[in-house]
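Residue numbers (UniProt numbering): 1 to 429.
Glycine residues also receive a C-beta, built at the ideal position from the N, C-alpha and C atoms.
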Amino acid sequence: MEMERVLEFPHTHMDRRPRKRARLGWDIPEAPKAQVGMFCGQEVGNFSSFAPSRTTSDHTTSSLFVKGVARNGSPPWRDDDKDGHYMFAVGDNLTSRYKIHNKMGEGTFGQVLECWDRERKEMVAIKIVRGIKKYREAAMIEIEVLQQLGKHDKGGNRCVQIRNWFDYRNHICIVFEKLGPSLYDFLRKNNYRSFPIDLVREIGRQLLECVAFMHDLRMIHTDLKPENILLVSPDYIKVPDYKNSSRSPSSYLKRVPKSSAIKVIDFGSTTYERQDQNYIVSTRHYRAPEVIFGLGWSYPCDIWSVGCIIVELCTGEALFQTHENLEHLAMMERVLGPLTQTMLKRTDRHAEKYVRRGRLDWPDGATSRESIKAVMKLPRLQNLIMQHVDHSAGDLIHLLQGLLKYDPSERLTAREALRHPFFMRDQLR
Numbered sequence: 001m002e003m004e005r006v007l008e009f010p011h012t013h014m015d016r017r018p019r020k021r022a023r024l025g026w027d028i029p030e031a032p033k034a035q036v037g038m039f040c041g042q043e044v045g046n047f048s049s050f051a052p053s054r055t056t057s058d059h060t061t062s063s064l065f066v067k068g069v070a071r072n073g074s075p076p077w078r079d080d081d082k083d084g085h086y087m088f089a090v091g092d093n094l095t096s097r098y099k100i101h102n103k104m105g106e107g108t109f110g111q112v113l114e115c116w117d118r119e120r121k122e123m124v125a126i127k128i129v130r131g132i133k134k135y136r137e138a139a140m141i142e143i144e145v146l147q148q149l150g151k152h153d154k155g156g157n158r159c160v161q162i163r164n165w166f167d168y169r170n171h172i173c174i175v176f177e178k179l180g181p182s183l184y185d186f187l188r189k190n191n192y193r194s195f196p197i198d199l200v201r202e203i204g205r206q207l208l209e210c211v212a213f214m215h216d217l218r219m220i221h222t223d224l225k226p227e228n229i230l231l232v233s234p235d236y237i238k239v240p241d242y243k244n245s246s247r248s249p250s251s252y253l254k255r256v257p258k259s260s261a262i263k264v265i266d267f268g269s270t271t272y273e274r275q276d277q278n279y280i281v282s283t284r285h286y287r288a289p290e291v292i293f294g295l296g297w298s299y300p301c302d303i304w305s306v307g308c309i310i311v312e313l314c315t316g317e318a319l320f321q322t323h324e325n326l327e328h329l330a331m332m333e334r335v336l337g338p339l340t341q342t343m344l345k346r347t348d349r350h351a352e353k354y355v356r357r358g359r360l361d362w363p364d365g366a367t368s369r370e371s372i373k374a375v376m377k378l379p380r381l382q383n384l385i386m387q388h389v390d391h392s393a394g395d396l397i398h399l400l401q402g403l404l405k406y407d408p409s410e411r412l413t414a415r416e417a418l419r420h421p422f423f424m425r426d427q428l429r
């Protein structure tokens with residue numbers, strides 16, 4: 001499918017240096033005590049082979065390493081921290097079955113620990129939820145969703161698999177299979193360099209298969225983003241990066257996952273389809289316009305997120321990097337064209353301030369010149385994709401235009417997207 005480059009005024013978007021957005025969602029600061037283990041140590045071709053930092057921490061320092069704990073012994077009682085997080089020491093037992101090896105991450109819900117499962121003789125990831133009522137209740141809902149997904153996903157090919165769950169010292173603990181890094185982690189470690197288009201195709205296909213699977217079960221994920229998509233394997237290879245060949249020798253090679261297999265995680269915000277869905281969902285960068293305008297949302301909000309994710313994998317950077325509703329909507333118009341009159345006229349009372357005289361109140365409503373510049377430097381979707389994709393650009397642009405339709409009723413469904421020529425190309429070879 002041939003696509004013409006859209007004419008537009010030259011802007012600073014032609015500088016392709018990555019903007020390096022901050023991690024979203026349940027992220028951990030760069031402090032040693034919260035650093036993900038795979039980002040410490042020497043590069044040896046396997047993300048999981050990076051050793052965790054041994055710098056001091058209130059509850060992970062080597063001085064707290066429990067060398068003398070009996071195989072099935074319980075650790076001493078420790079009060080939760082002020083936010084309700086479980087306090088632990090590396091080497092502690094988490095019941096007699098699991099032994100804590102290191103901390104993988106943390107967020108508003110709690111912490112994720114890498115643990116040794118003595119019964120299955122394998123490493124697992126255990127999500128320890130904060131000991132606060134609302135988080136415990138949310139965890140029980142997530143467990144129900146995970147069990148339903150596991151019941152129907154017999155092969156375990158789409159969604160992360162729940163191994164077990166238990167209530168330990170007032171903390172709901174959910175045991176998962178241990179997977180590789182998230183797509184965001186991989187991009188960040190790779191200096192935000194894009195994935196090859198064939199890899200984008202395979203990841204996009206699997207993501208849409210997962211979404212179609214969930215939608216068939218009348219479930220809406222509502223928080224799809226690169227942080228919530230994990231590579232199954234941590235292994236990678238290094239390939240020449242010709243786009244950066246003029247830079248330092250160290251940037252000549254970039255990492256590419258050995259396997260394209262992925263699984264979706266974090267079903268804490270998953271909801272069953274119903275009619276009264278008007279509250280805010282999705283992480284900002286991946287939030288659909290109908291959510292911002294308060295028009296209600298359903299399955300199509302997941303599809304919009306998938307479109308944003310595919311663009312990010314192609315370019316290495318988030319499509320809409322903003323934290324303001326009006327600026328976000330202006331960015332959409334800059335990249336995708338004018339918002340529809342139907343959508344602008346139906347805005348709820350909370351979003352009316354973004355519309356003036358039948359159009360988006362931009363740039364008049366901008367909060368700063370920097371905000372206007374941030375919008376103006378964005379290219380049109382066609383130009384953005386053609387800057388990064390050598391072959392299949394036409395098919396990909398056409399697919400994205402279907403995934404990123406403003407009107408949710410006109411947006412492609414996951415099943416329709418899977419039948420798009422972009423995903424059929426490799427099958428015709």
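Residue of the options minimising C-alpha distance to residue i
| i | options | result |
| --- | --- | --- |
| L400 | R415, H420, Q387 | H420 |
| D235 | F267, G180, R415 | G180 |
| D80 | R130, V112, G73 | R130 |
| F422 | I310, G358, T322 | I310 |
| M424 | G105, I141, E202, A138 | E202 |
| K405 | K345, I372, G155, I303 | I303 |
| D117 | I126, F109, Q111, Y272 | I126 |
| P379 | V335, I162, I220 | V335 |
| C159 | H398, V211, W297 | V211 |
| A374 | K178, Y252, H323 | H323 |
| C173 | D198, L113, K134, G155 | L113 |
| L396 | M219, S409, G307 | G307 |
| R255 | V291, P196, L230 | P196 |
| T315 | D390, R120, K154, G296 | D390 |
| L313 | H388, E122, E273, K258 | H388 |
| S74 | A89, H85, I220 | A89 |
| F176 | V124, K377, T270, S233 | V124 |
| R136 | F109, S259, E273 | F109 |
| G268 | K258, P76, S282 | S282 |
| P338 | L326, L360, R356, N325 | L360 |
| M219 | Q277, D167, K82 | Q277 |
| L326 | R415, R163, S371 | S371 |
Identity of the residues DSSP links to residue i by a beta bridge
| i | result |
| --- | --- |
| Y236 | P257 |
| K325 | Looking at the sequence itself, residue 325 is Asn, so the reference to Lys does not match. Beta-bridge pairing links N325 to no other residue. |
| residue 433 | Beyond the ends of the chain as shown, which are 1 and 429, falls residue 433; an answer cannot be given. |
| Y272 | M219 |
| E410 | DSSP lists no partner for E410. |
| N102 | E114 |
| I229 | V264 |
| L94 | Y98 |
| V355 | L360 |
| residue 436 | For the chain, the structure presents residues 1 to 429; residue 436 sits outside this window and is missing. |
| C159 | V264 |
Beta strand (DSSP E) segment containing residue i, residue limits
| i | result |
| --- | --- |
| V306 | Segment 300–315 is the alpha helix (DSSP H) holding V306; no beta strand (DSSP E) there. |
| V264 | 262–264 |
| F166 | 162–168 |
| Y184 | Not the beta strand (DSSP E): Y184 falls in the alpha helix (DSSP H), residues 183–189. |
| I141 | From DSSP, I141 is part of no beta strand (DSSP E) but of the alpha helix (DSSP H) over 133–152. |
Whole-Å CB distance - residue i paired with residue j, under 8 Å assumed
| i | j | result |
| --- | --- | --- |
| W165 | I143 | 5 Å |
| D348 | G294 | 3 Å |
| R193 | D241 | 6 Å |
| M343 | P289 | 6 Å |
| L253 | V239 | 7 Å |
| Y86 | H221 | Not really, about 26 Å apart at Cβ, beyond 8 Å. |
| Y279 | S305 | Not confirmed; about 16 Å, so no contact. |
| P300 | P408 | 4 Å |
Element boundaries [alpha helix (DSSP H), containing residue i]
| i | result |
| --- | --- |
| E370 | 369–376 |
| E290 | 289–292 |
| I397 | 393–403 |
| K345 | 341–345 |
| P338 | That residue, P338, is in no alpha helix (DSSP H); it is neither H nor E in DSSP. |
| F195 | Segment: none, F195 is in no alpha helix (DSSP H) and carries neither H nor E. |
| I385 | 381–388 |
| P76 | Careful: P76 lies outside any alpha helix (DSSP H) and carries neither H nor E. |
| residue 502 | For residue 502 there is no data in the structure shown, the boundaries of the chain being 1 and 429. |
Three or more C-beta pairs below 8 Å linking the region 359–369 and the region 320–331:
yes
Any contact of the region 199–210 with the region 257–277, i.e. 3+ C-beta pairs under 8 Å?
yes
Quick one: any contact between the region 137–152 and the region 91–102, if contact means 3 or more CB pairs under 8 Å?
no
Counting Cβ pairs closer than 8 Å, one from the region 224–239 and one from the region 340–357, do we hit at least three?
no
Stretch-stretch touch, CB-based, cutoff 8 Å, three pairs: the region 313–322 with the region 371–388:
Two segments are said to touch when three or more pairs of C-beta atoms, one from each, lie closer than 8 Å; by this definition the region 313–322 touches the region 371–388.
Tell me whether the region 182–200 and the region 148–156 touch, counting them as touching only if at least three CB pairs, one residue from each stretch, are closer than 8 Å.
no
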